[in-house]
Amino acid sequence: MLKQARIAVLVSGGGTNLQALIDAEQQGALPSGRLVLVLSSSADAYALRRAEAAGIPTRTVSRRASGSREAFESSLLAALEEYQADLILLAGFMCILSEYFTARFPQRILNVHPSLIPSFCGKGMYGLRVHQTALEYGVKVTGATVHYVNEVPDGGRILLQKAVSVEPGDTPESLQRRVMEQAEWILLPQAAEIVSAQIVKEKNR
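At position 69 of the sequence shown (counting the first as 1) the number is 60 in my numbering, and the numbers step up by one without a gap.
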């Protein structure tokens, strides 16, 4: 009988969303899932240190060193298979995954994006660029979205969203921080628990 879904987290940078997941697991807010692997596209990613501090196995698969997207994704898949991942979370993962990859995990890959999709999303919209664009448009409300991942960047079905107010005098950096604190770090663990619980229920039928 499956008690917990096995979760792999794909990262590329600092790992603040990964830390939110680690904290949620340690606080008992992720009872249906267990973090079993952190997979980074960069050997220098601070997220790897966060994982190691929490006792989570890590792997690095470099897109550049792999030589091609096919080889890169094959290496990712091999690691995910080795750790028998049931659910994949993209937490600041800076590589777009192909249909070859996403089709192998239908409704089992989640991404957190720092805007209210369909606003300020799609190819090339990531990090501070999202918040800079939101401020340039003059929006009064932004936020974050957790969505299922398919072959279209930010194109999968939305699972959760949370709004965050834009404050007078906001910079891209201050807005980014507020969106992380008030939305991303809350939504991603919630979404992980929702889908993990679904996986456990399905596998125990």
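Positions of the beta carbon are idealized from the N, C-alpha and C atoms, including for glycine. Note that the structure is a prediction, hence the values are computed from the model and not measured.
With DSSP as the reference, identify every bridge partner of residue i, one or two as the case may be.
i	result
K153	A135
T51	S31
I79	A(-1) and I100
R25	R(-3)
Which stretch, first to last residue, makes up the alpha helix (DSSP H) that contains residue i?
i	result
N102	Premise fails: N102 lies in the beta strand (DSSP E), I100 to H104, not in any alpha helix (DSSP H).
R120	L119 to Y128
E16	T7 to Q17
T93	E90 to T93
R60	R60 to E73
Q189	W176 to K194
Q173	From DSSP, Q173 is part of no alpha helix (DSSP H); its letter is neither H nor E.
R40	Y37 to A44
Please classify residue i: is it buried, with 16 or more other beta-carbons within 10 angstroms of its beta-carbon, or exposed?
i	result
D35	exposed
L166	buried
L80	buried
R41	buried
E175	buried
G115	exposed
V143	exposed
G24	buried
T162	exposed
E64	buried
A94	exposed
S156	exposed
S203	Residue 203 lies beyond the stretch modelled for the chain, which goes from -8 to 196, so this question has no answer here.
Determine, using beta carbons only, whether residue i and residue j come nearer to each other than 9 Å.
i	j	result
V52	V29	no
L78	A(-4)	yes
A(-1)	V27	yes
E164	L119	yes
A20	E184	yes
L88	Y139	no
V186	Q98	yes
G4	G83	yes
L(-7)	K194	yes
E72	Y91	no
A38	L9	yes
My guess is that residue i and residue j are in contact by the Cβ rule of under 8 Å, so how many angstroms apart are they, rounded?
i	j	result
T198	I108	With the chain running from -8 to 196 in the structure shown, residue 198 is simply not present.
L151	A182	5 Å
V130	L179	Going by Cβ atoms, the distance from V130 to L179 rounds to 22 Å, so no, they are not a contact pair.
S32	C86	5 Å
Any heavy atom of the ligand HEM closer than 8 Å to the beta-carbon of residue i?
i	result
Q98	Because no ligand of any kind appears in the structure shown, any question about the ligand HEM cannot be addressed here.
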